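>
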Amino acid sequence: MKPKETGIPLGRWLLAVPALALVSVFIATPYLNIVVMSLRSPSNVQAFGPEFTLQNYVRALSDRLYLGLLGDTLLYAAVTVAFSLLLAYPMALHLARTQSRYRGLLYAAVLSPLLTGVVIRCFGWIVLLASQGLVNDGLRQLGLGPVQFLYRPVGVIIALVHVFLPFMILPIVNAIEAIDPRLEEAARTLGASRTTVLLRVILPLSMPGVQSGVILVFVLAASAYVIPMLLGGGRVQTMATVIVQQLLGGFLWPFGAALALVLSATVALLLVAFALVTKRGMRRLA
Amino acid sequence: MSRLTIRELTKVYATNPAVQDFDLDVAEGEFVSLLGPSGCGKTTTLRCVAGLEIPTRGRISFGDREVTRLPPEKRNIGMVFQSYALFPHMIVAENIAFGLQMRGLSGGEARRRVDAVIDMVQLGGLHERYPRQLSGGQQQRVALARALVVEPALLLLDEPLANLDAKLRDEMRVFIRSLQQRTGITTLYVTHDQAEAMTMSDRIVVMFGGRIHQIGLPQEIYHRPATRDVANFIGQSNLLAGRVVAREDARIAVETAVGLVRCGGPPSFAVGAAGHVMVRPEAIRLVAANSGLVGRITERHFLGNVVNYRVTLANGTMISVQAVGEETCRKGDEVGLVLDEGKAWLLP
Chain A
-16 MKPKETGIPL
-6 GRWLLAVPAL
4 ALVSVFIATP
14 YLNIVVMSLR
24 SPSNVQAFGP
34 EFTLQNYVRA
44 LSDRLYLGLL
54 GDTLLYAAVT
64 VAFSLLLAYP
74 MALHLARTQS
84 RYRGLLYAAV
94 LSPLLTGVVI
104 RCFGWIVLLA
114 SQGLVNDGLR
124 QLGLGPVQFL
134 YRPVGVIIAL
144 VHVFLPFMIL
154 PIVNAIEAID
164 PRLEEAARTL
174 GASRTTVLLR
184 VILPLSMPGV
194 QSGVILVFVL
204 AASAYVIPML
214 LGGGRVQTMA
224 TVIVQQLLGG
234 FLWPFGAALA
244 LVLSATVALL
254 LVAFALVTKR
264 GMRRLA
Chain B
25 MSRLTIRELT
35 KVYATNPAVQ
45 DFDLDVAEGE
55 FVSLLGPSGC
65 GKTTTLRCVA
75 GLEIPTRGRI
85 SFGDREVTRL
95 PPEKRNIGMV
105 FQSYALFPHM
115 IVAENIAFGL
125 QMRGLSGGEA
135 RRRVDAVIDM
145 VQLGGLHERY
155 PRQLSGGQQQ
165 RVALARALVV
175 EPALLLLDEP
185 LANLDAKLRD
195 EMRVFIRSLQ
205 QRTGITTLYV
215 THDQAEAMTM
225 SDRIVVMFGG
235 RIHQIGLPQE
245 IYHRPATRDV
255 ANFIGQSNLL
265 AGRVVAREDA
275 RIAVETAVGL
285 VRCGGPPSFA
295 VGAAGHVMVR
305 PEAIRLVAAN
315 SGLVGRITER
325 HFLGNVVNYR
335 VTLANGTMIS
345 VQAVGEETCR
355 KGDEVGLVLD
365 EGKAWLLP
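Chains as they are written, first to last, in my numbering: chain A, -16 to 269; chain B, 25 to 372.
#1: With distance defined between alpha-carbon atoms, name the residue in B/371, B/229, B/363 and B/187 nearest to residue 266 of chain B.
#2: What residues from the segment 65 to 89 of chain B come within 8 Å of chain A, judged by C-beta to C-beta, listed N to C?
#3: Rounded to a whole number of angstroms, what is the C-alpha to C-alpha distance between residue 31 of chain B and residue 83 of chain B?
#4: Would residue 210 of chain B be called buried (16 or more neighbouring beta carbons within 10 Å of its own) or exposed?
#5: Exposed or buried, what is residue 37 of chain B when buried is set at 16 or more other beta-carbons lying within 10 Å of its beta-carbon?
#6: Mind checking if residue 96 of chain B is an interface residue toward chain A, Cβ cutoff 8 Å exclusive?
#7: Let me make sure I understand the geometry here. Which of B/34, B/55 and B/59 has the alpha-carbon closest to that of residue 230 of chain B?
#8: Quick one: which chain B residues come within Cβ less than 7 Å of residue 175 of chain A?
#9: Between residue 166 of chain A and chain B, is any beta-carbon pair separated by less than 8 Å?
#10: Are there 16 or more other CB atoms within 10 angstroms of the CB of residue 93 of chain B, so buried, or fewer, so exposed?
#11: Skipping 5 residues on each side, what residues in its chain have a beta carbon closer than 8 Å to that of residue 329 of chain B?
#12: Around the Cβ of residue 276 of chain B, are there at least 16 other Cβ atoms within 10 angstroms (buried) or fewer (exposed)?
#13: Out of B/144, B/77 and B/309, point me to the one whose CA is closest to residue 203 of chain B's CA.
#14: Quick one: does the C-beta of residue 164 of chain A sit closer than 7 Å to a heavy atom of the ligand GTP?
#15: For the alpha helix (DSSP H) containing residue 183 of chain A, name the first residue and the last one.
#16: Out of A/197, A/43, A/254 and A/10, state which residue places its alpha-carbon closest to the alpha-carbon of residue 237 of chain A.
#17: Which one of A/104, A/244, A/128 and A/255 has the shortest CA to CA distance from residue 209 of chain A?
#18: Could you tell me the boundaries of the alpha helix (DSSP H) in which residue 143 of chain B lies?
#19: Run through the DSSP bridge pairs and tell me what residue 326 of chain B is partnered with.
#20: Under a CB-based cut-off of 8 Å, is residue 36 of chain B close to chain A?
#21: So, helix, strand or coil for residue -15 of chain A, using DSSP?
#22: Per DSSP, residue 49 of chain B forms a beta bridge with which residues?
#23: Starting from residue 115 of chain B, follow its DSSP beta bridges and name the residues at the other end.
#24: If you draw a straight line from the C-alpha of residue 240 of chain A to the C-alpha of residue 187 of chain A, how long is it?
#25: Kindly indicate which three-state DSSP category residue 82 of chain B falls into: helix, strand or coil?
#26: Can you check whether the CB of residue 126 of chain B is closer than 8 Å to the CB of residue 50 of chain A?
#27: Going by DSSP, what residue range makes up the beta strand (DSSP E) through residue 10 of chain A?
#28: For residue 204 of chain B, name the three-state secondary structure that DSSP assigns.
#29: Contact between the segment 293 to 306 of chain B and the segment 351 to 362 of chain B: three or more CB pairs below 8 Å?
#30: May I ask which residues mark the beginning and end of the beta strand (DSSP E) holding residue 58 of chain B?
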């Protein structure tokens, strides 16, 4: 996009004031507050002590325990991204191109994970995945079970994939809908089978959607709290659950703040790296 | 290169027939246009030939090979779309090489053929460009090159010039036609532009409402239209309702509102039959008011090389006249009209 040569008229700035106020009051201020808090010394009587220190960061970045947790959190997020992408792409492909009159219904089905509260949904998964639950009953019938899903990363990842799937599907649907169907037809007339058309035309042209979906799901999964908390039952720890323990259990607000910022910064760095890696491919589509 | 045979092609969507009982033979190396207004079924017919639609009924063959139900990738065709449909994520050379890759051709041989076709469509030096970096005319040439490089049995063009400006369109008409003649490729061309069809085609198929009204040489379509729709669609025409009063060898005498006209016509008209005499505006001469059919000029449109007049006769009949050269008559003038009966044609 080219920068505008003339300045934005004052009237437009005025229109932006409510949004700017919202962002500064509800996002910038709390963030700054956390940054300041992470640099404070701990205290037993207040949220934080009077001195400024880097000790919280030294501890967060040198303790094997926390670095391992950070690694686990990012790994769960990455696995969640991989499985949602695998499940989302075929669904997006169908949704984007279907002529069915049940199209609206299909969209509603895609959005259905977002229609109930996260706690209710988690209890639903607990019931399904329990050792005496429906899933394990089925696996037992097939001679494959029982499998321990709950209180292990696998259960957490199943629930994460379920709830974040719409965030992967919708951007990809949009990207595929934006591809001119004539391109597929042109490829067919040139001798490409349906599979080749998918691999050589649709897949590369839908990459912007895949990129958005990957970023959204990764960020959401890396910062998820309720799902690892409930389905992990305290035995699956992620950065989010540990941060909350520091704040509420340990009353270590400065250290919790430092952990939160380490997580944010790491995720942000990974996203920048991801954007750089995919940039070359995206440039072709610009 | 191959013949194209279409027999009783019918395509029905839901309950609406888009094409009905379409029969056509295209000879090897022939350039045939499907001409008609939008919704006449010409594009549906082309898409059936391409394999992008499966006909409800009928048969399509390339040479002796029946292809009616074959998917497009198995037909060995080249198709150019109105929107060009170039792959936006591939450079020009990759776009053109796509069809070759699909045929298992790569490396030096593929590069040689891509270079040759790029020269043929005069796109030298643009190998590395992305489609979005090209002008409309250049994109059009890439689309042509991409379709031609695979040496298809049949070249299919769907309104390829509709998105170009008028001057470029005239250039591309000549370019496509000469390219087609040089390569000798059998071509089916869809257009709603009669001038395009006239200038480029060996033969024209005129369609209305999913049916063929006439198949013929451009001259036949223009001078001897088979139906009133054809006469009205191709150029301008005066249609005079009348009744056949006599047949004299090749001529047919028809009594009309402007008197007895001795015109040409198909042999199917018997004495007493009703019909319409078509007279093209340029087949009528304006003369002094003391001879011919007398009328008054009610409209005059100066177009530069020609002048179009509307003349209202005493009995109320309106006649369009086209005159070449300097304008001698003004609106309101009383004039005489002389019909060139040799160019008048009887149709239903």
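The beta carbon of each residue, even a glycine, is placed where N, CA and C say it ideally should be. None of the values given here were measured: they were computed from a predicted structure.
So, from the data block:
#1: The shortest C-alpha separation from residue 266 of chain B is found at B/371.
#2: Result list: 74, 75 and 76.
#3: Rounded to the nearest whole angstrom, the C-alpha separation of residue 31 of chain B and residue 83 of chain B is 5 Å.
#4: Buried, by the Cβ-count rule.
#5: Around the beta carbon of residue 37 of chain B, fewer than 16 other beta carbons sit within 10 angstroms, so the residue counts as exposed.
#6: For residue 96 of chain B, the answer is yes, since a Cβ of chain A falls inside 8 Å of its Cβ.
#7: It is B/59 whose Cα lies nearest to the Cα of residue 230 of chain B.
#8: Within chain B, the residues whose beta carbon sits less than 7 Å from that of residue 175 of chain A are 97 and 126, listed in sequence order.
#9: Among the residues facing chain B, residue 166 of chain A is included, as its CB has a counterpart in that chain under 8 Å away.
#10: Residue 93 of chain B is exposed by the Cβ-count criterion.
#11: Correct list, in chain order: 348.
#12: It is buried - the Cβ of residue 276 of chain B has at least 16 other Cβ atoms within 10 Å.
#13: In terms of Cα proximity to residue 203 of chain B, the closest of B/144, B/77 and B/309 is B/144.
#14: This structure lacks the ligand GTP, and indeed carries no ligand of any kind.
#15: Where residue 183 of chain A is concerned, there is no enclosing alpha helix (DSSP H), because DSSP gives it neither an H nor an E.
#16: The shortest C-alpha separation from residue 237 of chain A is found at A/43.
#17: Per the Cα distances, A/104.
#18: Residue 143 of chain B -> alpha helix (DSSP H) spans 131 to 144.
#19: In DSSP, residue 326 of chain B forms a bridge with B/331.
#20: So, not an interface residue.
#21: Unreliable placement is indicated for residue -15 of chain A, whose pLDDT of 44 sits below 50; the coordinate value is still reported in the next sentence. In this structure, DSSP gives residue -15 of chain A a state outside helix and strand, which the three-state scheme calls coil.
#22: Residue 49 of chain B pairs with B/29.
#23: Partner(s): none; residue 115 of chain B has no beta bridge.
#24: Spanning the two alpha carbons is a distance of roughly 40 Å.
#25: The answer is strand: DSSP assigns residue 82 of chain B an E or B state.
#26: No, Cβ-Cβ distance for residue 50 of chain A and residue 126 of chain B is not below 8 Å.
#27: Careful: residue 10 of chain A lies outside any beta strand (DSSP E) and carries neither H nor E.
#28: Correct three-state label for residue 204 of chain B: helix.
#29: As far as the Cβ criterion goes, the segment 293 to 306 of chain B does not touch the segment 351 to 362 of chain B, which means the pair count is below three.
#30: 55 to 59 is the span of the beta strand (DSSP E), which, as asked, contains residue 58 of chain B.
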